[in-house]
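Chains A and B, in that order, are what the protein sequence lines are. For the first sequence, our numbering begins at 96 and goes up steadily by one. For the second sequence, our numbering begins at 8 and goes up steadily by one. Contents: one structure, followed by commentary.
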Amino acid sequence: DPKIIQKPKYLVAVTGSEKILICEQYLGHNAMYWYRQSAKKPLEFMFSYSYQKLMDNQTASSRFQPQSSKKNHLDLQITALKPDDSATYFCASSQEWGGGEQYFGPGTRLTVL
Amino acid sequence: AQSVTQPDARVTVSEGASLQLRCKYSYSATPYLFWYVQYPRQGLQLLLKYYSGDPVVQGVNGFEAEFSKSNSSFHLRKASVHWSDSAVYFCAVKSGGSNYKLTFGKGTLLTVTP
Chain A
96 DPKIIQKPKY
106 LVAVTGSEKI
116 LICEQYLGHN
126 AMYWYRQSAK
136 KPLEFMFSYS
146 YQKLMDNQTA
156 SSRFQPQSSK
166 KNHLDLQITA
176 LKPDDSATYF
186 CASSQEWGGG
196 EQYFGPGTRL
206 TVL
Chain B
8 AQSVTQPDAR
18 VTVSEGASLQ
28 LRCKYSYSAT
38 PYLFWYVQYP
48 RQGLQLLLKY
58 YSGDPVVQGV
68 NGFEAEFSKS
78 NSSFHLRKAS
88 VHWSDSAVYF
98 CAVKSGGSNY
108 KLTFGKGTLL
118 TVTP
């Protein structure tokens, strides 16, 4: 059974719209992360959370807002979508923030038209 | 700021041949280093990690990597590749302190030919 679930697997959106990417982890981890992988850039860190608290935000735009309703959930809301937002978004988790290795979900591939 | 360089964007080897994928890192403190593999249309899977101690670390599926502080490198090796090893391989360094995150290289696409 998959331990980190990301929904949907594929997502197509129009410019200017808003989407929410879902991430749930069943590893019992206390830290969660978002990364982005696009055609133009390598995998890059976006956010980290520990016990549902934002620890680090490396995205320049406020259009990206993580949301943690439960300890094992970390969704990513993206507003005013742009074609440059097209990428695969990976959720990851680790036992604790700052320690141990990170495990990745299968990703959500977002295409903005 | 830390960085990771994977100088080879693509590597092609014959099945049964040995493999080395190169990784150079830049980090001021003691690095925590990782290799991840990404199979087509899948997420990243952890192959192996180095935190301290023996510079040669063993991973899954016969992979190993060697840490060299003097060369700032963490090269991945395998003695005999299989066609199923075809994938993209990412080297990553973990920063610490208040800026805890993984920094990845651009990845190396490995193609194993029959």
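Backbone N, C-alpha and C fix where the C-beta goes; we use that ideal spot for every residue, glycine too.
{"Asked": "Whole-angstrom distance between B:GLN9 and B:SER35, CA atom to CA atom", "Found": "7 Å"}
{"Asked": "Residue nearest to A:ALA155 in terms of C-alpha spacing, selected from A:SER164, A:PHE142, A:VAL107", "Found": "A:PHE142"}
{"Asked": "With 16 other Cβ atoms within 10 Å as the buried cut-off, status of A:TRP192", "Found": "buried"}
{"Asked": "Length-filtered (3 minimum) beta strand (DSSP E) runs lying within the region 13 to 77 of chain B", "Found": "17 to 21, 26 to 28, 31 to 33, 39 to 45, 51 to 57, 63 to 65, 71 to 75"}
{"Asked": "A:TRP192 - DSSP class collapsed to helix/strand/coil", "Found": "coil"}
{"Asked": "Buried/exposed call for B:ASN68, threshold 16 Cβ in 10 Å", "Found": "exposed"}
{"Asked": "C-alpha gap between A:SER189 and A:VAL109, whole angstroms", "Found": "33 Å"}
{"Asked": "Min CB distance B:ARG51 to chain A below 8 Å", "Found": "It is worth fixing the name first, because residue 51 of chain B is Leu in this sequence and not Arg. Yes, contact with chain A."}
{"Asked": "Beta-carbon contacts of B:GLN45 that lie in its chain and below 7 Å, excluding the five residues immediately before and after", "Found": "LEU51, ALA94, VAL95, PHE97"}
{"Asked": "CA-to-CA distance, A:HIS168 to B:ALA24, given in whole angstroms", "Found": "43 Å"}
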